[in-house]
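Engineer: Below is one structure. I have some questions about it.
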Amino acid sequence: MKKNETIQQTKVNNLDEETLFVVSQTFKALGDPTRLRILHLLHQKESSVNEIANTLDLRQSTVSHQLSFLKNLRLVKNRRAGTTIFYSHDDGHVIQILEQMIAHARH
């Protein structure tokens with residue numbers, strides 16, 4: 001086996017449990033149409049729960065639940081302005097994957 005192949009094989013074998021968990025949970029997040037719609041919207045603009053619910057025609061409780069899931073994975077972040085909390089995407093890498101998959105699906 002060549003040196004480069006050995007290094008590559010070592011990198012493949014060195015996926016720790018935490019990395020595997022985060023990657024699988026991220027793909028799980030991207031596997032849900034509602035979460036995809038929310039992430040796509042938040043890529044376009046920062047929005048409150050009410051704005052997301054109105055724009056995507058979803059119940060506020062659904063949006064809140066999905067945002068909680070996405071926030072736990074650090075895919076979205078929030079900021080408070082008075083009594084309103086605004087959400088935006090928090091991972092450019094995941095947004096790149098999302099946009100590439102949208103382009104692929106439309107191709």
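For the sequence shown, counting from 1, position 70 maps to 70 in UniProt numbering; every step adds exactly one.
In this text, a Cβ means the ideal position worked out from N, Cα and C, and glycines have one as well.
Who pairs with N78 in a beta bridge, going by DSSP?
Structural biologist: Within the sequence shown, residue 78 is the residue found at index 78, counting from 1. In DSSP, N78 forms a bridge with Y87.
Engineer: Using a Cβ-Cβ cut-off of 8 Å (strictly less than) and excluding sequence neighbours within five positions of L75, which residues of its own chain qualify?
Structural biologist: One-based indexing of the sequence shown puts residue 75 at position 75. For L75, where only same-chain residues beyond five positions count, the Cβ hits under 8 Å are T26, A29, L39, H89, D90, D91 and V94.
Engineer: Just checking my contact of Q66 with N50 at CB under 8 Å: how many whole Å lie between their CB atoms?
Structural biologist: For the purposes of this step, residue 66 is taken as the residue at position 66 of the sequence shown. For the purposes of this step, residue 50 is taken as the residue at position 50 of the sequence shown. Incorrect: roughly 14 Å between the Cβ atoms, too far for contact.
Engineer: Grab the span of the alpha helix (DSSP H) containing G92 for me, first residue to last.
Structural biologist: Within the sequence shown, residue 92 is the residue found at index 92, counting from 1. That run of the alpha helix (DSSP H) goes G92 to R106.
Engineer: Have a look at R35 and D16 and give me their C-alpha separation to the nearest angstrom.
Structural biologist: For the purposes of this step, residue 35 is taken as residue 35 along the sequence shown, with counting starting at 1. For the purposes of this step, residue 16 is taken as residue 16 along the sequence shown, with counting starting at 1. About 26 Å.
Engineer: Leaving out five residues before and five after A53 in sequence, what residues of the same chain have Cβ atoms less than 6 Å from its Cβ?
Structural biologist: The residue you call residue 53 lines up with position 53 of the sequence shown. Taken in chain order, the residues that qualify are Q60 and V63.
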